[in-house]
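A.B. asks: Here the protein sequences come in this chain order: A and B.
The first sequence begins at 251 in our numbering and counts up by one.
The second sequence begins at 251 in our numbering and counts up by one.
By construction, the Cβ of each residue, glycine as well, lies at the ideal position given by its N, Cα and C atoms.
There are 2 protein chains.
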Amino acid sequence: MAEWIDLIIRKREGEALEPEEISGFVEAVQREEVPVEQAAAFLMAVVIRGLDEQETTSFARAFLSSGQTLRFNEFTYPPIDLGETGGLGGKAAIIALPTAAVYGVKLPVVADRSLRHNGGLLDKFEAVPGFRTDLSLAEFQESVRSTGIAVIGQTMDLAPAEIRVNQLRANTGSLGGVSLTVAGLLARKAAAGTRGLVVEIACGSGGLAKNLAEAHSLADDLFAVGEYLGIRIGGCITERDNPLGHAIGDSLEMQEAIAVLKGEGPADVKEVAVNLAASLLVIGQLVADHAQGRNLAQEAIADGRALAKLKEFVTNQGGDGQALDNPEQLPRGQGRRDVVTQRSGYLKAIDGAALGDSWLALGGSRIRRGDSTDHRVGLWVHKKIGDKVERGDTLVTLHTSEKSKVDAAIESAEEAFLISPEPADKRRLILENFGRVR
Amino acid sequence: MAEWIDLIIRKREGEALEPEEISGFVEAVQREEVPVEQAAAFLMAVVIRGLDEQETTSFARAFLSSGQTLRFNEFTYPPIDLGETGGLGGKAAIIALPTAAVYGVKLPVVADRSLRHNGGLLDKFEAVPGFRTDLSLAEFQESVRSTGIAVIGQTMDLAPAEIRVNQLRANTGSLGGVSLTVAGLLARKAAAGTRGLVVEIACGSGGLAKNLAEAHSLADDLFAVGEYLGIRIGGCITERDNPLGHAIGDSLEMQEAIAVLKGEGPADVKEVAVNLAASLLVIGQLVADHAQGRNLAQEAIADGRALAKLKEFVTNQGGDGQALDNPEQLPRGQGRRDVVTQRSGYLKAIDGAALGDSWLALGGSRIRRGDSTDHRVGLWVHKKIGDKVERGDTLVTLHTSEKSKVDAAIESAEEAFLISPEPADKRRLILENFGRVR
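#1: Just to confirm the assignment: which complete beta strand (DSSP E) runs, minimum length 3, are found wholly within the region 568–605 of chain B?
#2: Assign residue 406 of chain B to one of two classes, buried (16 or more other C-beta atoms within 10 Å of its C-beta) or exposed (fewer than that).
#3: What span of residues does the beta strand (DSSP E) with residue 670 of chain B cover, start to end?
#4: Got a sec? Which residues, its chain only, sit under 7 Å from residue 433 of chain B by beta carbon, not counting five neighbours each side?
#5: Got a sec: is the Cβ-Cβ distance from residue 286 of chain A to anything in chain B below 7 Å?
#6: Output, in chain order, the set of chain A residues within a Cβ distance shorter than 9 Å of residue 550 of chain B.
#7: Could you work out which residue in B:523, B:683, B:667 is closest to residue 590 of chain B when comparing CA atoms only?
#8: What are the partner residues of residue 609 of chain B, as DSSP defines its beta bridges?
#9: Sort A:324, A:373, A:304 by Cα distance to residue 339 of chain A and report the nearest one.
#10: Going by C-alpha to C-alpha distance, which of A:491, A:564, A:447, A:296 sits closest to residue 419 of chain A?
#11: Can you give the Cα-Cα distance for residue 469 of chain B and residue 492 of chain A, rounded to whole angstroms?
#12: Under the assumption that residue 398 of chain B contacts residue 351 of chain B (Cβ atoms under 8 Å), give the Cβ distance between them as a whole number of angstroms.
#13: Using the beta-carbon of each residue, which ones in chain B are nearer than 7 Å to residue 422 of chain A?
#14: Kindly list the residues whose CB is nearer than 6 Å to the CB of residue 563 of chain A, restricted to its own chain and excluding five residues on each side of it in sequence; keep chain order.
#15: On the three-pair Cβ rule with 8 Å, is the region 618–626 of chain B touching the region 497–515 of chain B?
#16: Can you grab the Cα-Cα spacing for the pair residue 656 of chain B / residue 582 of chain B, in whole Å?
#17: Verify the CB distance criterion: does residue 298 of chain A have a CB-CB separation below 7 Å to chain B?
#18: Alpha carbon to alpha carbon, how far is residue 536 of chain A from residue 355 of chain A?
#19: Quick one: residues in its chain with C-beta nearer than 6 Å to the C-beta of residue 688 of chain B, no 5 flanking neighbours on either side, listed in chain order?
#20: In three-state terms, what does DSSP make of residue 635 of chain A?
#21: Between B:554, B:348, B:293, which lies nearest to residue 560 of chain B when the distance is taken from Cα to Cα?
#22: For chain B, check one thing: does any of its Cβ atoms lie closer than 7 Å to the Cβ of residue 504 of chain A?
#23: Going straight from the alpha carbon of residue 573 of chain B to that of residue 487 of chain B, what length do you get?
#24: Just to confirm the assignment: which complete alpha helix (DSSP H) runs, minimum length 4, are found wholly within the region 415–443 of chain B?
#25: Indicate the three-state DSSP secondary structure (helix, strand or coil) for residue 683 of chain B in the structure shown.
#26: Looking at the secondary structure, which residues open and close the alpha helix (DSSP H) in which residue 383 of chain A lies?
#27: Check whether the region 523–530 of chain B and the region 545–557 of chain B are in contact - that is, three or more C-beta pairs closer than 8 Å.
#28: By the 10 Å Cβ neighbour count, where 16 or more other Cβ atoms means buried, how is residue 268 of chain A classified, buried or exposed?
#29: Any C-beta of chain A within less than 7 Å: which residues of the region 260–275 of chain B qualify?
#30: For residue 600 of chain B, which option in B:616, B:543, B:665, B:553 has the closest C-alpha, if you only look at C-alpha atoms?
#31: Please name the residues in the region 293–325 of chain A whose beta-carbon is closer than 9 Å to at least one beta-carbon of chain B, in chain order.
#32: Consider the Cβ of residue 413 of chain A: report whether some Cβ of chain B lies at a distance smaller than 7 Å.
#33: Along the beta strand (DSSP E) that carries residue 521 of chain B, what are the first and last residues, could you check?
#34: Can you name the residues of chain A whose CB is closer than 9 Å to the CB of residue 426 of chain B?
#35: Taking a contact to mean a Cβ-Cβ separation below 7 Å, would you say residue 620 of chain B touches residue 367 of chain B in this structure?
Next comes the structure, spelled out in structure tokens:
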């Protein structure tokens, strides 16, 4: 029992730990040699005291070496992954991935599931009937080779120690802080053979980073760990006091992403998607600069190649192509409830956490990993910050399936909108690009 | 598994918790309804983030109500306990308790065992052959009534939730911080029927409080929780860059305390003991002021009544009275090793932690609760800060029993003494009295 106490005490007192101490801990957790109460106490101390870059890197390396690492040695260009760190309505990846794949970027994607206010790409694709996320590693590699994109969740083959650590953190209230999150994210990606990563950092009340300083700190951690693991990092920080687009929820978001790929859909979603696709092309070394990447991305969307690539990859993973042609047929709850404003004025602020709670209350996300979710429910947000609103306007429409969950969802949604008599500034969407794509 | 997560997260983020949340947690720990990993994570967050006075009080109340509470309703005066918070060589209680009992103070003492650098009164009394610390609660109460003093350790009848919490903290590296320590200390004392508590706060490199600010913070916590539990608080803060007296170790300390009771022994031990005994008389409402208490205490020592009371109480708990008459016969390891200085000059500093490590290495204290200790070993410190020393002088003599433990103990002891060519100031012994005895 005593073996780990000195390590725990030193982290409790805020000391930085040596690489071999961290790898020793992670290996012992993996072998189930650390009593859970000691592991939990240690992880709580880590989350409260934080990790420096070297410690974060040590965790990432230890996570990575706990499982298999895939290699795509036959590719001319480095395989790239795309990640979104939180953010309500973050469906730009659904568009950006096939857009970049049109030009030959290879995309072995290890995606997350929705958790609390964070939407997960895995759940969004699963809104398409038949879509399989349980590919074997051999199927995964073959799909990347054949269609350019494959999407799986983390399996016990890839960075399994990170799964154990994360389960323990989730069960003991220590999921806060970004360092372990970054270490885990990059370890999972690296294990799947990725050599580059484009990240959208959602910044604001609906994002993981609450402000620009937190977003920069997250980017710094990504750079530090990425450099060590040989993963090129790029991406953008996006404003997320507003949800992206109108749709929150798996089916609704898939529908909205398809609309953009058909030349319809909201401009903000397209803008972020084009920006991310351009970054994928730059990091993937297929274009010289971001402007060139944007042009290519817009072309592939305009001429339908991006939508065709989405259909190719989705059907390759078992998804129903018909549903992509007629996205209004994606599974949808039957209930509709409008939240209507009693005030006229300007929409001054949206509380992303309250919208996230509403979505969670409808059953669209999970409180804990392993919970079930409902792809059919969601929110359709009609107004953005800065919009003029009149008494009687609908602010958001809830798409519901279980009646017992509606009241709590409406209550949260009603609390999410602040209307003021003063005009409010519209927000800038892409706050900055960072990394090798700047 | 999820029940406690919100509470853990809120403490992780530094929020203050409500009394019923804390009592709910402590009760659930007691009923073994909190998964150990969640309890460990919560306690780590508590220790790092700290507790305010209300939270500390809530823990104390919850600990107290988890077991029995003894009552001594027949006594005219409130029963008092005496506590020492850390400090090497803290044997003043051995003298102060019988001195105060001479005048009728009733002393139901719940004492600690030695842990790391903190000596425990229970172990010191157990150096007397035959001394029983496992009295039943009925025997304990009867002994307080008949002799004025009884000493037991915490049993599973008294504040058992505190025992569980403390075991978990010890096993998971979260014993730091003073708030939970104070809550636990006062809950144990209150459970044994105490209505007043005199505390010696040892301050310096060999004490729990490293400086006066920490000592004051500890005193403030004692007052806050004491007021809530109806326990009058008083005591003193003593300088503990120096060990108290010469002796560190159970038999050696018992021998030194008896020497003081015989009118011999070092002046600093006597001074602290008289000071504490006076505080016991004040808190016990038997004298009007501290000066009067000091006079009575000195009288009881000078005329042998205090020594007689010690013998009465020790033999009442099964201890061998002969050993008290001839304390050089107390069990003692056979080995003697002197640490001799190679430098001449002035003793400028003593590193109490290094001396504590030396004692620990000899086997005199425990690394963990439940470990065994050796009453026979110890250190006899010959020099105090400010003393002039000549090359070849012995700084400390180690009393050893197991050869395999000697080298590490000598190494630590050698590191404990800083000798400088400059004269160093002697230290003030009693830094201040506090509470109702000031």
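C.D. replies: The relevant details are as follows:
#1: Segments of the beta strand (DSSP E) lying fully in the region 568–605 of chain B: 585–590, 595–600.
#2: Flag for residue 406 of chain B reads exposed.
#3: Its beta strand (DSSP E) spans residues 667–670.
#4: Cβ-Cβ distances below 7 Å link residue 433 of chain B to 306, 309, 310, 313, 475 in the same chain, with the five nearest sequence neighbours on each side left out; the list follows chain order.
#5: Chain B contact via Cβ: present.
#6: What residue 550 of chain B touches in chain A: nothing, since even the nearest Cβ is about 43 Å away.
#7: From the listed residues B:523, B:683, B:667, the smallest Cα separation to residue 590 of chain B is found for B:667.
#8: Its beta-bridge partners do not exist; DSSP assigns none.
#9: Measuring from the Cα of residue 339 of chain A, the nearest candidate turns out to be A:373.
#10: Of the listed residues, the one whose Cα sits closest to residue 419 of chain A is A:296.
#11: One C-alpha to the other measures close to 51 Å.
#12: That belief holds up - the Cβ atoms of residue 398 of chain B and residue 351 of chain B are roughly 4 Å apart, short of 8 Å.
#13: The answer, in chain order, is 258, 287, 288, 291.
#14: So the qualifying residues of the chain are 397, 399.
#15: Yes, the region 618–626 of chain B is in contact with the region 497–515 of chain B.
#16: Between residue 656 of chain B and residue 582 of chain B, the C-alpha separation is close to 15 Å.
#17: So, interface residue.
#18: Between the C-alpha atoms of residue 536 of chain A and residue 355 of chain A there is a straight-line separation of about 8 Å.
#19: Confidence is the limiting factor: at residue 688 of chain B the pLDDT is only 46, short of 50, which leaves the residue's position unreliable, though a coordinate-based value still follows. Non-local C-beta neighbours of residue 688 of chain B in its own chain, meaning closer than 6 Å and more than five positions away in sequence, are absent.
#20: Three-state result, residue 635 of chain A: coil.
#21: Ranking B:554, B:348, B:293 by Cα distance to residue 560 of chain B puts B:348 first.
#22: No, residue 504 of chain A lies away from the interface with chain B (no Cβ there is under 7 Å from its Cβ).
#23: A straight line joining the alpha-carbon of residue 573 of chain B with that of residue 487 of chain B spans about 32 Å.
#24: Counting only runs that start and end inside the region 415–443 of chain B, the alpha helix (DSSP H) elements of at least 4 residues fall at 429–441.
#25: In the structure shown, residue 683 of chain B sits in a strand (DSSP, three-state: E or B).
#26: Note, residue 383 of chain A: premise wrong, no alpha helix (DSSP H); not H, not E.
#27: The region 523–530 of chain B is in contact with the region 545–557 of chain B.
#28: Counting other Cβ atoms within 10 Å of its Cβ, residue 268 of chain A stays below 16 and is therefore classed as exposed.
#29: Answer set for the region 260–275 of chain B: 262.
#30: When the alpha-carbon of residue 600 of chain B is set against those of B:616, B:543, B:665, B:553, the nearest one is in B:665.
#31: Of all residues in the region 293–325 of chain A, 293, 294, 295, 297, 298, 299 have a Cβ within less than 9 Å of some Cβ in chain B.
#32: Not a single C-beta of chain B is nearer than 7 Å to the C-beta of residue 413 of chain A.
#33: From DSSP, residue 521 of chain B is part of no beta strand (DSSP E) but of the alpha helix (DSSP H) over 517–533.
#34: Contacts between residue 426 of chain B and chain A, judged by CB atoms closer than 9 Å, involve 259, 262, 263 in chain order.
#35: No. Outside cutoff.
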